[in-house]
Amino acid sequence: MTTEAKTSFTPRVLSGMQPTGNLHLGNYLGAMVNWVKMQATHETLYCVVDLHAITQAISVWGGPNELRRAIRDVTAAYLACGLDPKKSAIFNQSQIAEHSELAWVFNCVARIGWLDRMTQFKEKAGKDKEKASVGLYDYPVLMAADILIYKATSVPVGDDQKQHLELTRDIAQKFNIDFADSIREQGFGDAYFPLPDPMISGPATRVMSLRDGTKKMSKSDPSDLSRINLTDSAEDIAKKIRKAKTDAEGLPTEATGLKGRPEAENLVGIYAALDGNSVEGVLKQYGGGQFSTFKNALADLAVAKLAPIAGEMNRYIADPGYIEGVLKDGANRARAIAAPVMADVRKIMGFV
Ligand code: AQP
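Position one of the sequence shown corresponds to residue 63 (the numbering used here), numbered consecutively onward.
If you want it as structure tokens, here you go:
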């Protein structure tokens with residue numbers, strides 16, 4: 063039996079994106095599409111995770127002026143993609159000091175062995191891990207605090223975040239067990255934190271690079287042709303899809319025919335996700351045909367779905383006062399949840 067079994071928690075959604083570089087199709091299909099949908103059914107909080115942005119070298123995140131610009135741009139992207147500040151609390155993480163305070167408590171709950179297993183740290187630190195920041199190593203603990211400071215029960219993310227979500231559940235579980243007596247004595251029931259569910263769904267939970275179907279589409283790939291940015295023009299979107307790597311064969315009629323063909327599988331998955339269709343549905347329509355015909359259809363679909371987002375983003379970027387108002391209002395709403403949770407944690411821990 064888990065510690066969660068006897069305590070019920072208010073359903074609540076939290077997720078975030080880093081303000082580093084431009085958001086891309088992977089961020090959009092892997093996470094954003096679900097974020098927008100969940101506004102209709104859940105209490106939703108979406109943050110711009112600026113404290114995570116500074117975990118890499120300054121040359122990567124670009125320094126203070128670039129960070130200020132990127133926080134506003136990502137907020138503009140959130141709004142342009144359909145996040146509604148009346149429905150969701152939209153805010154930047156550094157406004158709520160409780161994220162960092164809870165992260166410190168969780169640093170003392172999480173075990174080094176758990177963090178040593180995190181594959182994203184290994185990928186991002188590369189061979190020279192002695193030169194990586196302590197913050198990059200500790201990133202998943204801050205992410206656990208981002209989620210649990212709101213006692214969030216669901217976290218819509220792309221597939222690459224699955225391991226970090228498992229760590230978040232381990233931290234919540236260990237906190238609930240280590241402090242079980244105090245949690246009960248303080249009148250919080252059998253468990254203080256929920257074990258949040260990762261929501262990884264849809265046909266494009268891991269969008270791959272357009273230049274290499276075995277690599278994740280990512281902001282930090284040096285080749286701009288590897289990704290479709292949400293700021294790309296219609297011409298650039300169409301060009302990148304036409305130039306996307308494919309193999310010599312045509313499109314199969316069954317999904318099993320995509321096995322071992324990562325580039326083809328990626329493009330069909332992207333089409334399905336953009337069209338709200340399944341992979342099987344797309345192959346029913348285009349299977350057996352030439353790849354060039356399918357690429358043209360994908361380019362048209364991607365332009366129709368994505369090009370308006372860039373236009374909307376520019377409209378929001380031109381109004382920094384509005385963006386700042388959204389972030390301020392979102393932070394007030396977020397703080398109203400986070401501050402009492404942190405006060406409870408201080409009591410549970412014995413801080414006087
Ligand atoms: N390629 C992807 N496919 C599906 N989902 C993805 N996500 C990211 N890349 C893909 C999801 O987008 C959300 C926000 O991600 P993030 O901004 O926190 O940063 P990230 O995962 O580090 O994004 P990048 O582009 O991969 O950045 P770099 O290049 O710095 O490593 C998350 O829900 C993530 O799962």
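We put the CB at the ideal spot given by N, CA and C, even for glycine.
In DSSP terms, what residue i is bridged to
i	result
F153	C109
R397	Paired residue(s): none; R397 is not in a bridge.
H86	N291
L210	The partner list for L210 (beta bridge, DSSP) is empty, contrary to what the question assumes.
V217	P260
K278	M270
Euclidean distance between Cα positions of residue i and residue j
i	j	result
N328	S244	49 Å
T82	A115	6 Å
V414	R246	18 Å
G78	Y108	5 Å
R134	I379	7 Å
T72	T215	8 Å
Y201	T117	7 Å
E342	V330	9 Å
R395	Q223	26 Å
T65	F241	Per-residue confidence for T65 stands at a pLDDT of 47, beneath the threshold of 50, marking its modelled position as unreliable; the derived number appears in the next sentence. For T65 and F241, the distance between alpha carbons rounds to 11 Å.
N291	Y140	14 Å
R131	G392	18 Å
G188	F250	43 Å
V217	I209	8 Å
H104	G144	15 Å
G175	K236	14 Å
D190	P284	19 Å
R304	S150	36 Å
N127	P382	14 Å
R323	V171	43 Å
Q225	I262	12 Å
A234	Y254	8 Å
D274	G92	18 Å
L287	R397	40 Å
P147	M411	34 Å
L238	R408	Reading the sequence as shown, one finds Asn at residue 238 and not Leu. Using only the alpha carbons, I get a separation of about 14 Å.
A119	E386	27 Å
T106	G124	30 Å
N376	S121	25 Å
A334	K281	22 Å
E192	V219	29 Å
A138	Y90	13 Å
I332	K357	11 Å
V196	K99	35 Å
R173	Q182	17 Å
A67	K213	Because A67 carries a pLDDT of 49, less than 50, the predicted location of this residue cannot be relied on, and no value is offered for it.
Element boundaries [alpha helix (DSSP H), containing residue i]
i	result
V95	V95 to M100
S121	I120 to W123
D243	A242 to E247
G143	It is Cys, not Gly, that sits at residue 143 in the sequence shown. Unbroken alpha helix (DSSP H) run through C143: P126 to C143.
F413	Segment: none, F413 is in no alpha helix (DSSP H) and carries neither H nor E.
K346	V341 to Y348
Y333	P324 to D337
R377	F353 to I379
A431	In the structure as shown, the chain begins at 63 and stops at 414. Residue 431 is therefore absent and cannot be evaluated.
L177	I174 to D178
T181	T181 to A187
V167	E160 to N169
Inter-residue CB distance, residue i and residue j (contact presumed, cutoff 8 Å)
i	j	result
L320	Y348	Not quite, the Cβ-Cβ distance comes to about 12 Å (not below 8 Å), so this is no contact.
V75	I211	Not quite, the Cβ-Cβ distance comes to about 14 Å (not below 8 Å), so this is no contact.
L272	K302	6 Å
A206	F168	5 Å
K184	L198	Actually they do not touch by this definition, with Cβ atoms about 11 Å apart.
H86	M279	6 Å
N154	D112	5 Å
E160	A401	6 Å
P265	S340	6 Å
A369	A317	Rounded, the Cβ-Cβ distance is 29 Å, inconsistent with contact.
I299	A364	5 Å
I158	V388	About 15 Å separates the two Cβ atoms, so there is no contact after all.
A102	E374	Going by Cβ atoms, the distance from A102 to E374 rounds to 20 Å, so no, they are not a contact pair.
L204	A165	4 Å
V110	V136	5 Å
T315	A326	Rounded, the Cβ-Cβ distance is 13 Å, inconsistent with contact.
T69	D362	Their Cβ separation, rounded to whole angstroms, is 50 Å, which puts T69 and D362 out of contact at 8 Å.
Beta strand (DSSP E) segment containing residue i, residue limits
i	result
D259	D259 to M261
V75	R74 to M79
CB contact check: residue i to chain E, cutoff 8 Å
i	result
R304	You won't find chain E in this structure, because it holds only one protein chain.
Quiz item: Is there contact here, the region 254-268 with the region 225-234, by at least three beta-carbon pairs under 8 Å?
Solution: yes
Self-check item: the region 344-362 in contact with the region 276-292 per 3-pair CB rule at 8 Å
Solution: no
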